[in-house]
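Numbering (our numbering), first residue to last: 2 to 208.
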């Protein structure tokens, strides 16, 4: 277990994309099946990226603008951007670099990097940010987001009703506050959540 005495969440902004999917209206499953699945998972509607009108970077920027406006933070007071995602809009550069440039954040003494993680990614990102705060940084913007529906099979009953897209921006500042992190990793189950295509030649050959 890790314990931190410095680091506090100042604000969280979550943004969902514009395209809404109502699970009861999905036409590739029969009515009885749909009702059973919706009752089991408790998800009645979701939002996914409308690729004709928006990109995941648009959502990040909207979340960042709302966060900075709410907190009235001077952009020069921000020390780092961390982006946690498995839905990279570009092959390179890192999304963190892109956001730093578009937001007009300072260049000197500034950290910016991406972390390739999915479900547990937000907690890992928060832990990384708290480590930097404990070592002297004052303000960090942590972005987390995924467009999971890019890899979901909409004809598979175990996944078609469950996943939505979205992003968040969490503002973390150097303040006295106790926080605790405890991690457990089950790497042997990697094949249960593998999307083998798109990771490079080697990954494609393995598929």
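Just so it is clear, CB atoms sit at the ideal spot from N, CA and C, and this is done for glycine as well.
Model, not experiment: these values are computed from the prediction.
Of all alpha-carbon atoms in 188, 144, 157, the one lying nearest the alpha-carbon of residue 61 is that of 144. Under DSSP, residue 174 takes part in a beta bridge, and its partners are 9, 140. For residue 153, the three-state secondary structure derived from DSSP is coil. Within the segment 64 to 150, complete beta strand (DSSP E) segments of at least 3 residues are found at 81 to 85, 112 to 116, 140 to 147, given in chain order.
In this structure, residue 175 keeps its C-beta atom at 8 Å or more from the C-beta atom of residue 3. The bridge partners DSSP lists for residue 25 come to none. The segment 67 to 84 makes no contact with the segment 177 to 186, as fewer than three CB pairs between them are under 8 Å. Put simply, the segment 42 to 54 touches the segment 17 to 34. At least three CB pairs are less than 8 Å apart. DSSP places residue 42 in the uninterrupted alpha helix (DSSP H) bounded by 32 to 42.
Contact between the segment 102 to 113 and the segment 147 to 167 is absent, with fewer than three C-beta pairs closer than 8 Å. A buried status is given to residue 150, since no fewer than 16 other beta-carbon atoms sit within 10 Å of its beta-carbon.
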